[in-house]
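Position one of the sequence shown corresponds to residue 0 (numbering that gives the first Met the number 0), numbered consecutively onward.
What follows is a single structure, written as structure tokens, with notes after it.
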Amino acid sequence: MTGGSHSLVLTNSREVYSFSRNYDGQLGHGDDRDAYYIPTKMVRLSDVQAIAAGGNH
Numbered sequence: 000m001t002g003g004s005h006s007l008v009l010t011n012s013r014e015v016y017s018f019s020r021n022y023d024g025q026l027g028h029g030d031d032r033d034a035y036y037i038p039t040k041m042v043r044l045s046d047v048q049a050i051a052a053g054g055n056h
């Protein structure tokens with residue numbers, strides 16, 4: 000799933016990973032790091048059933 004400048008991954012075990020640009024905190028890791036270049040687990044989420052991403056919203 001891709002957004003304007005970031006991507007999300009939902010695994011079979013219902014974990015969410017995000018990566019790419021983070022200039023507005025859109026990756027959800029709770030920091031102001033500019034970018035994540037490898038998929039990084041969003042630890043604040045669990046048992047996720049669906050995800051959506053987009054730009055300009």
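The beta carbon of each residue, even a glycine, is placed where N, CA and C say it ideally should be.
* To do: Answer yes or no: do Tyr52 and Ser6 have a C-beta to C-beta separation smaller than 9 Å?
  => Here residue 52 refers to the residue found at position 53 when the sequence shown is read from its first residue. Here residue 6 refers to the residue found at position 7 when the sequence shown is read from its first residue. Per the sequence shown, the amino acid found at residue 52 is Ala instead of Tyr. Yes. Within cutoff.
* Separation of His28 from Ile37, as counted between CA atoms -> Counting from one through the sequence shown, the residue named residue 37 turns up at place 38. Counting from one through the sequence shown, the residue named residue 28 turns up at place 29. Taking the Cα positions, Ile37 is about 13 Å away from His28.
* Does DSSP put Arg20 in a helix, in a strand, or in coil? -> Working through the sequence shown from its first residue, we reach residue 20 at position 21. Strand at Arg20.
* Counted within 10 angstroms of its Cβ, other Cβ atoms place Ser17 as buried (16 or more) or exposed -> Walking along the sequence shown from the start, residue 17 turns up at place 18. So Ser17 counts as buried.
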